[in-house]
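Reviewing the structure listed below.
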RNA sequence: GGGCGUUUAGCUCAGUUGGUUAGAGCGUUGCGUUCACAUCGCAGAGGUCACAAGUUCGAAUCUUGUAACGCCCACCA
């Protein structure tokens, strides 16, 4: 009976299997009660500030990709916390601006003409609340160690104040200006856009060859994909070296269908080989039109309204939308014999990323931040940041090089941070609030002055535009310190985000921190890849190729999913793979069973640990190597490599070998040796738990309670990160020979269909090994009675 | 058109500064369950390291070129 007691654990003390649902919930509550992740104001430890992306609350479609990128960053946060940093890890929500509006419009199928501004804003606020709740629940269930007491949303008073302060500061520094320019415009959303709001999309289109009557009496053919722009034609160009058209110098062309004359000009930029060598310039069909218009002071013809309709300039086509006008004009040109021919082409067009509508250029007065004059500075600042992985800097550099326009930050929308300005309607004077009065809402508050200081007009109105979403979110690096009132927490330590927002969030953050403080916004930038579906396609709401996150957590548990997220190196895309998630559960099970094994024998440990052996020294050495390696990898944000090192040690060295190596001692009569092996088992295992804790925080916390050395310690997650363990001097230089010998015996048994548990009377080893030294170990582990 | 990344076992991926017979997991095949673990253990089979040329005593690793895939940018008269 006594023997049986020894190897039995009561179900109450240590259950036979680990129930992730019960335990994960238990620890979630416990961590929350202990306020484990709250920023500690009084702590003298070095700080570690994480500027995590404030997601759009419109994400009612959270999937494995979101889980992946946030957990990957969180591995590092947990590691840093165990390294003793006073971590500040607040979560924000980007709840203002176009993304939220678009989400609400789609969800409620809103007709913008039939809803008041305040009703609309109310709906946005409501969805914002819901979205925050969804995220919060998911992040909590995943064990993301965010300090929820410091949550911010970009439209709340403090972030609004910081955003408005930023605008005010830039204005005072002369870096913010308002100007009427042909600007990137979304006719569907009815707002100005910036370059970073664009995506390119390929579509089938037609190249139309149109006959123009020329002043030399000939007929010229001009190729265009946009014949609807004809009424806005302001000039025709050819290359000055193009011999075909020399007689047209200083001539004129007659625009067909609309029958007006435009000057013919020359430009080196015209490619003789393209189309017919004749190019029409309209205001404004594309980038080239804009260039010519700017360089040659061409007149402006406004053809497109802010909601994407043809203006009165279009004559009979007035009021049509762009696509319809194009079709109608092509039909009319063909009917009149003016259309020489049509060719099918694949055209790539710039579309607005939020609604896929092709963008137009519309003349409009907008607010801009100066960025195009300063490219060298942006590159210089970008280089000061540590990029993980380093090659992601290339994306940043290419983006900076490609900048064409200053950053347009005003949006003709409702739900966003208002500009802190009032405008004199008579002279255009911009009236600023006092900084100490921020935040202000010019729609609800009176202008600080009732009479324009410049022209004495009383006609003062609030600036009606709101800020672009990136104009507010780019302030987070200097917003975070305001949340805790700690000015020194800038620049922040790490910003983790996916690569598609390098050109927006990251770039604009660099711009703002540079312009305000001549500082980088963050010291380290950790760029994650995308979540892919099982076929390797990007997970997206549109494709619907994902399982909702909450279902994943429910089915597999947080630890298992977090484990899956370690599967791709930094910046690499990661395929969703249920098998990999199951692997995560396997690791949990293995940790649990090893723990059970150790606890069983620990129940009647004599405590007189001495008689350490070679195997003990060996496993401690291997642990030390693993600690060093895992630490190195975590330091460089290589959680995937850290995991591999930890797993190799735990599975292959500890569970497969060491545990087997000590069984005979645990079951033997030598209490000192038994106790020694138990001490090593526990010591090594508690360190394994710590190494795994950043990745699988729940199971490690549960098991830590059994194995922690300091019984006062509340949680593994603020316990000390493993360090090298000093151990007795034992010569183990030939230990690998012993392992090889054991492998040989295992293989022999397997090949001869002998149970591994079966004893062999005699065996002749082929492996060269110091049998004098290792006979006991090899014999006991291999269950061989005698070596011959 | 320019840039970056990827290409290693049926699948998903490791492979450090070039160095013996290229590794893991999954899958597959065989064997094995009273004695921590069947959500298991052990063993085996399986690779011209995308292709070509070069450097070298030696190349998955370095150089050059080619191809496929992915992403970013530009061009789109």
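Numbering (the numbering used here), first residue to last: 13 to 800. Beta carbons: idealized from backbone N, C-alpha and C, even for Gly.
Assuming residue i and residue j are in contact, meaning their beta carbons sit under 8 Å apart, how far apart are those beta carbons, in whole angstroms?
i: residue 233; j: residue 223; result: 6 Å
i: residue 805; j: residue 356; result: The structure shown has nothing for residue 805, since the chain only spans 13 to 800.
i: residue 487; j: residue 371; result: No, residue 487 and residue 371 are not in contact; Cβ-Cβ is about 26 Å, not under 8 Å.
i: residue 485; j: residue 74; result: In fact, because the Cβ distance is near 19 Å, the residues do not count as touching under 8 Å.
i: residue 100; j: residue 51; result: 4 Å
i: residue 491; j: residue 171; result: 6 Å
Where does residue i land, buried or exposed, given buried means 16+ other C-beta within 10 angstroms?
i: residue 711; result: buried
i: residue 680; result: exposed
i: residue 231; result: exposed
i: residue 774; result: exposed
i: residue 60; result: buried
i: residue 368; result: exposed
i: residue 186; result: exposed
i: residue 403; result: exposed
i: residue 761; result: buried
i: residue 17; result: Residue placement at residue 17 is poorly supported in this model, since its pLDDT is 43, which falls under 50; the coordinates still yield a value, given next. Result: exposed.
i: residue 306; result: exposed
i: residue 346; result: exposed
i: residue 132; result: buried
i: residue 212; result: exposed
i: residue 45; result: exposed
i: residue 37; result: exposed
i: residue 797; result: exposed
i: residue 29; result: exposed
i: residue 41; result: exposed
Among the options, which one has its Cα closest to the Cα of residue i?
i: residue 607; options: 628, 530, 667 and 673; result: 667
i: residue 411; options: 315, 522 and 534; result: 522
i: residue 237; options: 89, 361 and 483; result: 361
i: residue 311; options: 570, 657, 559 and 194; result: 194
i: residue 715; options: 610, 732 and 778; result: 610
i: residue 285; options: 126, 251 and 301; result: 251
i: residue 191; options: 574, 551 and 377; result: 377
i: residue 225; options: 213, 275, 207 and 283; result: 275
i: residue 220; options: 49, 534, 359 and 616; result: 359
i: residue 65; options: 164, 141 and 21; result: 164
i: residue 189; options: 380, 39, 69 and 320; result: 380
i: residue 574; options: 709, 552 and 551; result: 709
i: residue 324; options: 266, 778 and 243; result: 243
i: residue 555; options: 545, 561, 563 and 778; result: 545
i: residue 570; options: 130, 101 and 150; result: 150
i: residue 296; options: 287, 288 and 314; result: 314
i: residue 434; options: 405, 33, 180 and 175; result: 180
i: residue 112; options: 339, 429, 583 and 797; result: 429
i: residue 737; options: 154, 329, 365 and 636; result: 636
i: residue 676; options: 176, 464, 793 and 764; result: 793
i: residue 327; options: 319, 341 and 335; result: 341
i: residue 805; options: 659, 746, 563 and 581; result: What the structure shows of the chain is the stretch from 13 to 800, and residue 805 is not part of that stretch, so it cannot be assessed.
i: residue 553; options: 699, 622, 28 and 366; result: 366
Note down, in chain order, each residue of its chain lying with its Cβ closer than 7 Å to the Cβ of residue i, except the 5 sequence neighbours on either side.
i: residue 228; result: 259, 260 and 263
i: residue 14; result: Any reading at residue 14 must be qualified, since the residue scores a pLDDT of 37, below 50, and its modelled position is unreliable; no value is offered.
i: residue 622; result: 684 and 688
i: residue 801; result: The chain is shown only over 13 to 800; residue 801 falls outside these bounds and no answer can be derived.
Can you list, in chain order, the residues of its chain whose CB lies under 8 Å from that of residue i, leaving out five sequence neighbours each side?
i: residue 518; result: 408, 507, 509 and 537
i: residue 288; result: 221, 232, 233, 234 and 235
Can you list, in chain order, the residues of its chain whose CB lies under 6 Å from that of residue i, leaving out five sequence neighbours each side?
i: residue 787; result: none
i: residue 291; result: 249 and 282
i: residue 692; result: 628
i: residue 105; result: 66, 69, 144 and 165
i: residue 624; result: 688 and 740
i: residue 469; result: 436 and 438
i: residue 670; result: 631
Please go through the stretch 484 to 529 and give each complete beta strand (DSSP E) segment of 3 or more residues, from N-terminal end onward.
Within the stretch 484 to 529, the complete beta strand (DSSP E) runs of at least 3 residues are 504 to 510.
Any chance you could list the alpha helix (DSSP H) runs of at least 4 consecutive residues sitting entirely within the stretch 395 to 423, in chain order?
405 to 414
3 or more residues per run - each beta strand (DSSP E) lying fully within the stretch 169 to 244:
188 to 198, 210 to 226 and 231 to 236
Alpha helix (DSSP H) runs wholly inside the stretch 642 to 723, at least 4 long, in chain order:
651 to 659, 671 to 678, 683 to 704 and 709 to 719
Every unbroken beta strand (DSSP E) inside the stretch 255 to 339 [3 residues or more]
264 to 267, 272 to 278 and 291 to 294
Taking only runs of the alpha helix (DSSP H) that begin and end inside the stretch 537 to 616, which ones reach a length of at least 4 residues, in chain order?
561 to 568, 570 to 577 and 590 to 614
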